[in-house]
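Each residue of the sequence shown is one higher than the one before, counting from 3 in our numbering.
For glycine and all other residues, C-beta sits at the position ideal for the given N, C-alpha and C.
First the structure, in the form of structure tokens, and then the observations on it.
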Amino acid sequence: MSRIESTFSALKAQGRKALIPYVTAGFPFADITPALMHGMVEAGADVIELGVPFSDPMADGPVIQKAGEKALGLGIGMVQVLNHVREFRKRNNTTPVVLMGYANPVERYDQQHGTDSFVRDAAAAGVDGVLVVDYPPEECEAFAASLRAHGMDLIFLLAPTSTDERMAQVARVASGYVYYVSLKGVTGSGALDTAAVEQMLPRIRQHVHIPVGVGFGIRDAATAQAIGKVADAVVIGSRIIQLIEYQEHAKVVPITIDFLRGIRKALDA
């Protein structure tokens, strides 16, 4: 059983929903990420999604795009992202970490460090899952198998426009959890339509029999609580990025903890 699977299993037994915060690695300071990850756990995070900075993130809105650009400017690449995870694992061996990003940094890492080196090194660093936005399920069964062989999960996005055929394709390859994008558009865009999400989840669950997390558009305790009533997990990214974007170094972690504690309290209410 993977660390992600065991986390969701424990939450289900407790009747609780998973809180999954997202932050771009190396943002807003190159050295802040391990401390920020620990702060997220202290605030009640169950899984951490760590964004891998990339210059052309087509699924991300302006907020996360800007965060990625800043992190790249600070010299954060896949090597540094894996170092952040290694540093986090020195004091936390239980909270799952999922890398979220795009194919280019993964394949570039393999080109620089050898075939299949990304999967090997990610597993060694303590990564539990990978979400590669531009890897379609029909083209990455070998990648999924390689991840599973190293104890990691491959997580996929589904969207309001996903067909039943695509849901079935995802269900055949995905493990850990599936990430449902709650709105049409990029991260941080539009208003969340909770009723539409509630209508979509039963259709997804006809095909997908692992936990379903919902993200894109969740910005506060009220929207998190509403989504938590119908989904297995709530994913929050852009709002955290906005909160910490202009903070001085010493305030980044406390502000994130304060925000996530409010979300955790709402989910557990």
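Reference V130; option with closest CA among R122, K19 and L74: Correcting the residue identity first, residue 130 is Asp in this sequence and not Val. Nearest of R122, K19 and L74 to D130, Cα basis: R122.
M39, enclosing alpha helix (DSSP H) - first and last residue: T35 to E44
Extent of the continuous beta strand (DSSP E) to which Y182 belongs: V180 to V183
Closer than 8 Å: A124 CB and nearest the ligand PLP heavy atom: The ligand PLP is not part of the structure shown, which contains no ligands of any sort.
Nearest neighbour of S177, chosen from V43, R88, L156 and E89 [CA to CA]: L156
The segment 214-232 touching the segment 259-268, judged by at least three CB pairs closer than 8 Å: yes
Enclosing alpha helix (DSSP H) for M169 [first to last residue]: D166 to V175
First through last residue of the beta strand (DSSP E) which encompasses G217: V214 to G217
Nonlocal neighbours in the same chain, by C-beta distance under 6 Å from V183, ignoring five residues either side: L159, A161 and F218
Of the listed residues G264, T163, E167 and A45, nearest to Q208 (C-alpha basis): E167
D155 - partner residues in DSSP beta bridges: G131
I1 - partner residues in DSSP beta bridges: No information on residue 1 is available, as it lies outside the stretch 3 to 271 that the chain covers here.
Secondary structure of G264, DSSP reduced to three states: helix
G171 versus G153: straight-line alpha-carbon distance, rounded: A quick correction: the sequence has Gln, not Gly, at residue 171. In a straight line, the C-alpha of Q171 is about 21 Å away from that of G153.
The segment 57-76 touching the segment 108-121, judged by at least three CB pairs closer than 8 Å: no
Nearest to R88 (by Cα), restricted to the options L262, P36 and D48: P36
Closest residue to Y137 among T165, S11 and Y104 (Cα-Cα distance): Y104
Classification of D234 by the beta-carbon crowding that lies within 10 angstroms, buried from 16 upward: buried
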